[in-house]
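So in the numbering used here, spot 63 of the sequence shown is number 64, and the numbers just go up one at a time. Structure first, then comments.
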Amino acid sequence: FNEILTHLLNELQRAPPSKSSDTNTTIKTYVQALTSICRLASQRLSEHMHEIVRITLSFIENTPSNNNSDDQQYDDELIEYCLQALETYLKRCPKETNQFVPKIVDICIIYLKYDPNF
């Protein structure tokens, strides 16, 4: 378990979002893997939750915007996966994620107002 978690966190820390769909696909896969692990074994993730949430938030904040609709689609999907992950982290590890609630709420408000079609 620790090897898998260490691998996921290391890969996410060194993989900034980019215009490359391959890179973003890998990031999305790792984010989904952490989300699934949290759903099934949240008690084992609790000691790492601060780092996990910090990394997830960084992907939302640092996703490059681009006027090209294809690139924007990847960005939107990555942001969506990260928001779903944050929801799971808040549900499964409320004590560990409590300090991030104001920042997560602010991000959610921004993306509730966002319409990718305009």
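We put the CB at the ideal spot given by N, CA and C, even for glycine.
Selection from the options that minimises the alpha carbon distance to residue i
i   : options             : result
C83 : K96, V54, L6, K104  : V54
I5  : L87, H49, L58, D77  : H49
Y31 : Q44, T57, L41       : T57
E62 : S37, T24, C109      : C109
D77 : E97, S47, Y115      : Y115
K92 : D107, R40, L9, L113 : R40
S59 : L113, S37, A86, A42 : A86
L46 : T98, I28, P17       : T98
T27 : T7, L79, H51, E52   : L79
Residues of its chain near residue i, where Cβ-Cβ distance is below 6 Å and the 5 sequence neighbours each way are ignored
i    : result
L13  : Y31, I56
F101 : V54
Cutoff 7 Å; reference residue i; Cβ partners in own chain excluding five residues on either side
i   : result
T36 : Q85, A86, T89
S43 : R93, C94
T24 : A16
Contact test: residue i Cβ vs the ligand MG heavy atom, cutoff 6 Å
i   : result
Y90 : Among the ligands in the structure shown, none appear at all, so the ligand MG cannot be discussed.
### Query
Whole alpha helix (DSSP H) runs in the segment 84-111 with 4 or more residues, listed along the chain?
95-98
### Query
Which ranges does the alpha helix (DSSP H) cover as unbroken runs of at least 4 residues, wholly within the segment 22-64, from first to last along the chain?
Those alpha helix (DSSP H) runs which fall completely within the segment 22-64 and span 4+ residues are 22-46, 50-62.
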